[in-house]
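Notes follow once the structure below has been shown.
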Amino acid sequence: MLKTEPSPQTRGNQFSLFTAEQRKWLDKARAFADAIPLSDVIKSDSENTFRRDLFEAACKEGMGSLPFPTTYGGSGGDYVSFCLVNEEFGRRCVPIMSSLGVHVLCQEPIYRFGTEEQKKKYLVPSSSGKYLAAFGLTEPAAGSDTAAIETSARLVGDQYILNGTKTFITSGGSADYYIVMARLTEVDDPGITAFIVERNFPGFEIGQKFDMLGMRGYATCEIVFSDCKVPKENLLGPHGAGRKVALSSLGKGRVTIAAQSTGWAQGALEGAIAAVKEKPASEISAFYHLIGDLAADVEAGRVLTYQAACKIDRGDQDVIVAAMAKIKATDAAMRVSTEAITIAGISGMDPNKLLERIFRDAKAGQIYEGTNQIQRMLIARSLLK
Ligand SMILES: Cc1cc2nc3c(=O)[nH]c(=O)nc-3n(C[C@H](O)[C@H](O)[C@H](O)COP(=O)(O)OP(=O)(O)OC[C@H]3O[C@@H](n4cnc5c(N)ncnc54)[C@H](O)[C@@H]3O)c2cc1C
Numbered sequence: 054m055l056k057t058e059p060s061p062q063t064r065g066n067q068f069s070l071f072t073a074e075q076r077k078w079l080d081k082a083r084a085f086a087d088a089i090p091l092s093d094v095i096k097s098d099s100e101n102t103f104r105r106d107l108f109e110a111a112c113k114e115g116m117g118s119l120p121f122p123t124t125y126g127g128s129g130g131d132y133v134s135f136c137l138v139n140e141e142f143g144r145r146c147v148p149i150m151s152s153l154g155v156h157v158l159c160q161e162p163i164y165r166f167g168t169e170e171q172k173k174k175y176l177v178p179s180s181s182g183k184y185l186a187a188f189g190l191t192e193p194a195a196g197s198d199t200a201a202i203e204t205s206a207r208l209v210g211d212q213y214i215l216n217g218t219k220t221f222i223t224s225g226g227s228a229d230y231y232i233v234m235a236r237l238t239e240v241d242d243p244g245i246t247a248f249i250v251e252r253n254f255p256g257f258e259i260g261q262k263f264d265m266l267g268m269r270g271y272a273t274c275e276i277v278f279s280d281c282k283v284p285k286e287n288l289l290g291p292h293g294a295g296r297k298v299a300l301s302s303l304g305k306g307r308v309t310i311a312a313q314s315t316g317w318a319q320g321a322l323e324g325a326i327a328a329v330k331e332k333p334a335s336e337i338s339a340f341y342h343l344i345g346d347l348a349a350d351v352e353a354g355r356v357l358t359y360q361a362a363c364k365i366d367r368g369d370q371d372v373i374v375a376a377m378a379k380i381k382a383t384d385a386a387m388r389v390s391t392e393a394i395t396i397a398g399i400s401g402m403d404p405n406k407l408l409e410r411i412f413r414d415a416k417a418g419q420i421y422e423g424t425n426q427i428q429r430m431l432i433a434r435s436l437l438k
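Residues 54 to 438 in our numbering are what the sequence shown lists, from first letter to last.
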């Protein structure tokens, strides 16, 4: 790929605290992101098309299973490195960013709860990019309230029969397999249970495709189960352990979202700085306080994000720090992109520029993988208990 439009030198994730190995991932991700022409980023968004070729290229660079051990095809990297990749991808709205994040999110429960056969069958081809994974939790009547899940699973002979609909599934239209949460019925101890569902299983269908405000180009759609036959060996974890399985993914996924949002915020800050520099010299000082304030917002989100990632790497995963990182980084992305467009004026609304896309994508960061309101409740509950 040709190197186009090198990143402007703003502060960014240049901490000297990163190890040589982490910096290697940062440099690799930055080169990957900068090599994608802006016109490709805009096209994927405007045409709402998923770039499977870019996903496979990122996997060839070792980013598809970065934080998993080499035993199962992973790159043996740490979560800080994965966050650096996500931040760089967010900064340039790399059109596969969200799918890559979800892809890693789906490998986590297979790695933690899967059988040896499942690990070999799904993790190895996930790392090479042969398989793309998607995560099916949300339903039309079960968003924040995951306990309201209605998708059902019943055991008949040596297979589970699934019925229901999952909605707003990132990569839903393009994935090869799905981690699906369903309510187990007709067993002694019914509960939410996790399954690995392949797209070619009988009774699996792609439903409505979404033409969203932001996060376009990620094949986001409904997935529908109509008496979908899932072999018994595709049960993921024990019966009734679905919430634990889902939370194992989402606890880390929220840190990934914080990293992506830090990237959006950084990209928007760079847009704001460029727009201020275009102003007549006599007007520039009027923006000093605002730019200083926005830069501090970006950095606050970034520090929390890497603190949460460091805790994961130290084996001390902290859902509260992760929740704080998600709130601060996603809110920073929304605020900085809003102010950057205000500074840029009409050119900030130009659909051929990155800023406009960052603004629309950033809204999703405040919503998915647990809205920021739900994150605030998590933090408060832990403080008040
Ligand atoms: C771009 C995008 C991609 C997505 N990808 C996936 C995916 O791959 N897989 C998947 O399973 N899901 C996915 N989702 C769904 C996402 O996780 C849900 O949108 C999210 O969990 C919120 O659910 P909801 O939209 O139904 O909102 P609701 O739960 O209906 O909430 C609506 C509003 O009410 C607030 N609210 C709800 N309950 C409370 C409460 N108790 N206290 C205070 N406020 C509350 C919320 O914070 C929010 O502001 C995606 C969503 C988007 C936008």
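Virtual Cβ for every residue (Gly too), placed ideally from N, Cα, C.
Could you pull out every residue in the same chain whose Cβ sits closer than 8 angstroms to the Cβ of aspartate 264, ignoring the five residues on either side in sequence?
Asn101
Below 9 angstroms between beta carbons: does that hold for lysine 282 and glycine 256?
Closer than 9 angstroms, so yes.
Check serine 224 in the structure and name its three-state DSSP category.
coil
Just to confirm my understanding: we take lysine 262, look at its own chain, exclude 5 residues before and 5 after, and list those with CB closer than 7 angstroms. What are they?
Gly226, Cys274
Give the straight-line distance between the Cα atoms of glycine 354 and arginine 105, rounded to the nearest whole angstrom.
30 angstroms
Alpha carbon to alpha carbon, how far is glycine 117 from valine 157?
7 angstroms
Are at least three pairs of beta-carbons, each pair with one atom in the stretch 280–300 and one in the stretch 243–251, less than 8 angstroms apart?
Contact check between the stretch 280–300 and the stretch 243–251: three or more CB pairs, one atom from each, fall below 8 angstroms, which counts as touching.
How long is the line joining the alpha carbons of threonine 315 and arginine 83, rounded to whole angstroms?
14 angstroms
DSSP has glutamine 426 in a bridge; who is on the other side?
Paired residues: none, contrary to the question.
Hey, would you say the C-beta of asparagine 216 is under 8 angstroms away from at least one heavy atom of ligand 1?
Result no, Cβ not under 8 angstroms from ligand 1.
Say whether the stretch 361–380 touches the stretch 220–239, bearing in mind that this needs 3 or more beta-carbon pairs closer than 8 angstroms, one atom from each stretch.
no
Buried or exposed: asparagine 253, going by 16 or more other Cβ atoms within 10 Å of its Cβ?
Label assigned to asparagine 253: exposed.
Determine the DSSP secondary structure at cysteine 363, reduced to helix, strand or coil.
helix
Excluding five sequence neighbours on each side, which residues of the same chain lie with their C-beta closer than 6 angstroms to the C-beta of methionine 54?
Note that methionine 54 scores a pLDDT of 34, beneath 50, so its modelled location is shaky; the value from the coordinates is reported in the next line. Around methionine 54: Ala88.
From what residue to what residue does the beta strand (DSSP E) around glutamate 275 run?
274–284
Give me every residue whose Cβ sits closer than 5 angstroms to any heavy atom of ligand 3, in chain order.
The ligand content of the structure shown is limited to ligand 1, which means ligand 3 is not among them.
Comparing C-alpha positions only, which one of Gly143, Pro178, Gln67, Pro148 sits nearest to glutamine 160?
Pro178
Entirely within the stretch 244–329 and at least 3 residues each: give me those beta strand (DSSP E) ranges in chain order.
If only complete runs of 3 or more residues are kept, the stretch 244–329 shows the beta strand (DSSP E) at 245–251, 257–262, 274–284, in order along the chain.
On the three-pair Cβ rule with 8 angstroms, is the stretch 388–400 touching the stretch 313–330?
yes
Tell me the residue span of the alpha helix (DSSP H) that contains tyrosine 132.
132–144
Can the beta-carbon of tryptophan 317 be found closer than 9 angstroms to that of arginine 207?
Taking a C-beta distance under 9 angstroms as the contact criterion, tryptophan 317 and arginine 207 do not qualify as a contact pair.
From which residue to which residue does the beta strand (DSSP E) around leucine 208 run?
205–209
I believe glutamate 16 touches glycine 217 by the beta-carbon criterion, under 8 angstroms. Please report the beta-carbon distance rounded to the nearest angstrom.
Because the chain here runs from 54 to 438, residue 16 falls outside it and cannot be looked at.
Report the option in Cys136, Pro162, Leu347, Cys363 whose CA atom is closest to the CA atom of serine 151.
Out of Cys136, Pro162, Leu347, Cys363, Cys136 has the C-alpha closest to the C-alpha of serine 151.
Whose C-beta lies closer than 6 angstroms to the C-beta of glycine 423 among residues of the same chain, with five residues either side of it excluded?
So no residue of the chain qualifies.
Taking only three categories from DSSP, how would you classify threonine 168?
coil
Beta-carbon within less than 8 angstroms of threonine 460's beta-carbon, same chain only, minus the 5 sequence neighbours each way: which residues are those?
What the structure shows of the chain is the stretch from 54 to 438, and residue 460 is not part of that stretch, so it cannot be assessed.
In whole angstroms, give me the CA-to-CA distance for threonine 238 and valine 277.
18 angstroms
Give me the Cβ distance between arginine 413 and leucine 266, rounded to the nearest whole Å; I'm assuming they're in contact under 8 angstroms.
Right, their Cβ atoms sit about 5 angstroms apart.
Taking only three categories from DSSP, how would you classify alanine 153?
One detail in the question is off: residue 153 reads as leucine in this sequence, not alanine. Looking at leucine 153 - three-state DSSP - the assignment turns out to be helix.
Do you know offhand how far aspartate 384's Cα is from isoleucine 411's?
13 angstroms
Does DSSP classify arginine 236 as helix, strand or coil?
Residue state for arginine 236 is assigned as strand, using DSSP reduced to three classes.
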